[in-house]
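First residue of the sequence shown: 10, per my numbering; consecutive thereafter. Just so it is clear, CB atoms sit at the ideal spot from N, CA and C, and this is done for glycine as well.
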Amino acid sequence: MKNYKLDLERYAVLARQATAEGCVLLENEGQALPLREGERVAVFGRMAFHYYKSGLGSGGLVNTRYVVGILDALKECKEIQLDEKLMGIYADWIKENPYDEGQGWGRVPWSQKEMEVTEEMLDCARNNDVSLVIIGRTAGEDQDNNTKPGSYCLTETEEDMIRRVCQVSKRTVVVLNVGNIIDMSWVKKYHPQAVLYAWQGGQEGGNGVADVLTGKVCACGKLTDTIAQSIEDYPSTENFGDPFKNYYKEDIYVGYRYFETFAKDKVLYPFGYGLSYTSFGIKAEILKNSEEELTVAAEVVNTGAVKGKEVVQVYAKVPQGKLGNPARRLIGFAKTGELKPGEKEEVVIVIPKYDLTSYDDSGVTGHKSCYVLEEGTYEIFVGSDVRSAEFAGCYEEKFRVVEKLQEACAPVEKFSRMKAVLMPDGSYQAVTEEVPVRTVDPQERRKQNLPETLAYTGDKGYKLVDVLDGKVSMENFVAQISEEDLIAMFRGEGMCSPKVTPGTAAAFGGVTESMKALGIPVGCCADGPSGIRMDCGTKAFSLPNGTALGCTFNTELVSDLYEMTGKELRLNKIDSLLGPGMNIHRNPLNGRNFEYISEDPLLTGRICAAQVKAMAKSGIGSTIKHFCGNNQEVGRSTSDSVMSERCLREIYLKGFEMAVREGGARSVMTTYGSVNGLWTAGSYDLCTTILRKEWGFEGIVMTDWWAKSNYEGHQAEVQVKAPMVAAQNDIYMVVSDAKANPEKDDVEEMLHAGKLTLGELQRNGANILGFLLKSPSILLLTDRICAQELEAMNTKEADDVDAGDLIAITSDPETQEMVVDGSLLHPAKGNTDILAVTNDYMGEFTVKFVLRSELGELAQLPISVFMDNIHKMTVSVQGTNGKWVEESRPFDMSFGHNHYIKLYYGADNLEIKEILFIPNR
């Protein structure tokens, strides 16, 4: 009999391995790492005591059963000895300088106050074999990094710690527990012997990092971004962070494409770089060259003394031609197996010629709106990073068109972009040229391609499962659905809808009773991409973040890991994970870079396609996001990303294209902002012309949560949602009640005004139903899940949240007050109560606790309050000598109608009579 229970041990092993393989070793002078058996280690830095498992926001709110930090893992390493005295000094200081939780969503500090190093602490450094310095940074949604100390740059205290520890230590190793690359200019100043990017590795992160530090895993991660000398060296910096408009003047010259072409001298660590504890030799050649494919073979031999893995990276130098091109472009990669000293492995990488093409958005080649191979010599370089890759062969191409398309998503305003010109001495000069502007009206294109409208038939008795069984066509089924229900189907419900798995992001599909009667299931999606977010408190597995996974360059390992995630999603009755995140690391200051993979679109596409395909094995239609140009958090709902069509297609859409064409993605999330004047949620050319017609996408498109759209030439507004329907953005996320239209959107109005057609609503409805037909929800609704799997789905771990244990609270229809009877609560130390709250009124409340304790006035009785997984407050009261008292605090519930409020009790001897939520109206 098949075992449907989630194998948490295997899950942990894979996550640990992924963290380890993602660690990137930048410096290792004199083989400072790995740590040797019996060595004494002094651990510096307060972040050793608080590991950042993830960034913040929707991508990081995972309730884990445990988190292993770096220090936790090192304590379990019996082969080394940690300096107990130094750990005690830090522990005492942290008691007086507790972790700063910040003020909630978008208001959390990216770093913590660091302890100033004392002479006593430096004596610890002198008396040990190795000093290990841990620096931590978090990042997250709604807040970008900045160049101030404590964000992209080190603080003065952190720099002073590294400087002084390096001066007195026999060996200094700096470990960076960060979500994204940071300023690295301090390395040359203080010369630590070893520097390791450990990223954010999820709940098994500390174990993975410790495996690399101790040599159980040979360092084998590679940088997914170029590390430059200064933030000013990145060409995007001057056009990054404006809340209203950002011109992508660097065009296709993003990351290494810029630095390897124009500014090699500005690079500290090149793209693809990463040291190993062993050494490798790579000999490569062009094995085969056909019209459609290029095959490169590489023999990799371990020439060092320990076993390890190597990444073979293939780069192309394509002709400059008339379009201009970067000096290097990643066109393929592969990771070897673990090779013993002297062992060889032959790696064969097949590269579609399509990946060598350039897009002509101006017609300069005579073939506008085409991917072309320009005439000339194509040189291939192979190695372990972009800078050290060596010449492996070349071949000639005659000019040819590889794919003929049509202009789409071009800019509407003129600006200049960067272009490379090859000079006689072989160097490149950066010049500018005017960007071609739009010549085709997307609304006219839409009008010429309107879908057929099906005649409304009313309920014919068909159920959606009849489509699955081939008894009725999708067209005949959709013809039954009323206009009212088609509009309701456009509106997803959430967050924390009671119609689906508790605490998840949204319910969609059969959200009305009449659609339920037609056998349309309610689909469920949950935040990701680094694990499942369930705000009711249900436990889930916290995964390594996107950048860490990218640095593995190991698609097989990523696939194995996300196959487990797919099983976990299915067991939790979730149809889609909102991930992977696929936006390009255009600039190191993007606060959400930790969720994304790389500055390179091909690496991004391959890693994310592996995730998508792996989750699909469990029937999960993962939602790739954010489509597209979501490259900063400042002004993410207001900022227009202005870019050329070539730049859009070659850099910012390429990864999504790969996830669709290679990975089979069947759900896409658009962004909050706009690209070239159109908010992406209502962009017909983006959601239909490119995604569906060019790439063959057959799934659903949803908005980001509470996103807006616009009529071209106007600003985006909450009520403007008809452009979403017209664009074939199938689902607006989210409202509290799909049938009631609480946001007063203009869909019905525009339908009756003739600006939308019923056929468009029917087409979008068919997209949603097609998605549900391939999802677990239809099987659950029709009892097509076997008894053994259903039992696994309904069985919770002993320490997990069960829906039956939630305390349901609904607001009074007249007063809007909510009252929690204290007899339902369990106020004892270490206990948790979770309230499933439904509030009609959205706004400011006063929460009033009526409580008492038999203890005296010096007793401290804290109650920590969380809403939807975010810490809101800690109500700390004193003992009351048995008297009933009231404690009131302001409480904001202005966002959404369904919430999960968690109460965590920090002390015993507390009695709660009631808790009242009183609206401040």
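Under three-state DSSP, which class holds residue 204? Here residue 204 sits in strand by DSSP.
CA-CA distance, residue 465 and residue 150? Rounded to the nearest angstrom, the two C-alpha atoms are 43 angstroms apart.
For residue 685, does the three-state DSSP call read helix, strand or coil? Three-state DSSP puts residue 685 in coil, outside helix and strand.
Taking all protein chains shown into account, do 16 or more other C-beta atoms lie within 10 angstroms of the C-beta of residue 553, making it buried, or fewer, making it exposed? It counts as buried.
What would DSSP say about residue 732, mapped onto helix, strand or coil? Reduced to three states, the DSSP call for residue 732 is helix.
Spatial distance of residue 586 from residue 48 (CA atoms): Per the coordinates, the alpha-carbon of residue 586 lies some 44 angstroms from the alpha-carbon of residue 48.
Does the ligand MG have even one heavy atom less than 7 angstroms from the beta-carbon of residue 109? In the structure shown, the ligand MG is absent, as is every other ligand, since no ligand is present at all.
Using only the alpha-carbon positions, how far apart do residue 887 and residue 859 sit? If you take the alpha carbons of residue 887 and residue 859, they lie about 13 angstroms apart.
In chain order, what residues of the same chain lie with their CB nearer than 6 angstroms to the CB of residue 266, ignoring the 5 residues before and after it? Shown here for residue 266: same chain residues with a beta carbon closer than 6 angstroms to its own, the five before and five after excluded, namely 335 in chain order.
Starting from residue 635, trace the alpha helix (DSSP H) in both directions and tell me its first and last residue. According to the DSSP assignment, residue 635 belongs to no alpha helix (DSSP H) but to the beta strand (DSSP E) extending over 632-636.
How do the region 388-403 and the region 274-284 stand: do at least 3 beta-carbon pairs fall below 8 angstroms, yes or no? Inter-segment contact for the region 388-403 and the region 274-284 is present: three or more beta-carbon pairs are separated by less than 8 angstroms.
Grouping DSSP H, G and I as helix and E and B as strand, with all else coil, what is residue 867? Coil at residue 867, not helix or strand.
What number of angstroms, rounded off, separates the C-alpha of residue 343 from the C-alpha of residue 704? Spanning the two alpha carbons is a distance of roughly 25 angstroms.
Which two residues bound the contiguous beta strand (DSSP E) that contains residue 910? Under the DSSP assignment, residue 910 falls in the beta strand (DSSP E) whose first and last residues are 907-914.
Considering just the uninterrupted stretch of the beta strand (DSSP E) at residue 369, what are its terminal residues? Going by DSSP, residue 369 is part of the beta strand (DSSP E) stretching over 367-369.
Once DSSP output is grouped into helix, strand and coil, what is the label at residue 761? Residue 761 sits in a helix when the DSSP states are folded into three classes.
Buried or exposed by the 16-neighbour rule on C-beta atoms within 10 Å, applied to residue 346: Residue environment analysis places residue 346 among the exposed positions, since fewer than 16 neighbouring C-beta atoms fall within 10 angstroms of its C-beta.
Residue 956 in three-state terms, based on DSSP: Residue 956 is absent from the structure shown; the chain starts at 10 and stops at 930.
Among 832, 841, 528, 480, which one has its Cα closest to the Cα of residue 792? Minimum Cα distance to residue 792 is reached at 528.
Spatial distance of residue 211 from residue 63 (CA atoms): Cα to Cα, residue 211 sits roughly 6 angstroms from residue 63.
Give every residue of the same chain whose Cβ lies closer than 8 angstroms to the Cβ of residue 117, excluding the five residues on either side of it in the sequence, and list them in chain order. Only 65, 110, 111, 147, 149, 152 meet the Cβ criterion.
Using DSSP with H/G/I as helix, E/B as strand and the rest coil, what is residue 780? The DSSP-derived three-state label of residue 780 is helix.
Please classify residue 445: is it buried, with 16 or more other beta-carbons within 10 angstroms of its beta-carbon, or exposed? Burial call: buried.
For residue 884 versus residue 894, is the C-beta distance shorter than 8 angstroms? For residue 884 and residue 894, no; Cβs fall outside 8 angstroms.
Quick check on the DSSP output: the beta strand (DSSP E) that includes residue 438 runs from which residue to which? Looking at the DSSP string, the run of the beta strand (DSSP E) that includes residue 438 is 437-443.
Looking at residue 589: is its Cβ nearer than 8 angstroms to the Cβ of residue 68? No.
Proximity winner among 256, 837, 848, 795, relative to residue 821 (alpha-carbon distances): Measuring from the Cα of residue 821, the nearest candidate turns out to be 848.
For residue 631, count neighbouring Cβ atoms within 10 angstroms of its own Cβ and tell me buried if that reaches 16, exposed if not. The residue in question, residue 631, is buried, as its Cβ has 16 or more Cβ neighbours within 10 Å.
Go ahead and label residue 691 buried or exposed: buried means 16 or more other beta carbons lie within 10 angstroms of its beta carbon, across all protein chains shown. Label assigned to residue 691: buried.
Helix, strand or coil: how does DSSP classify residue 135 here? In the structure shown, residue 135 sits in a helix (DSSP, three-state: H, G or I).
Going by Cα to Cα distance, which pick from 685, 384, 531, 634 is closest to residue 447? Comparing Cα-Cα distances from residue 447 to each of 685, 384, 531, 634, the minimum goes to 685.
Classify residue 421 as buried or exposed, calling it buried when 16 or more other Cβ atoms lie within 10 Å of its own Cβ. With fewer than 16 Cβ atoms within 10 Å of its Cβ, residue 421 is classed as exposed.
So what does DSSP say about residue 326, is it helix, strand or coil? Correct three-state label for residue 326: strand.
What's the gap between the Cα of residue 167 and the Cα of residue 695? Cα atoms of residue 167 and residue 695: separation of roughly 45 angstroms, rounded to the nearest angstrom.
7 angstroms Cβ shell around residue 243 - same chain, five flanking residues per side excluded: Here the set comprises 237, 596, 597.
For residue 861, report the span of its beta strand (DSSP E) as first-last. Counting along the chain, the beta strand (DSSP E) containing residue 861 begins and ends at 852-861.
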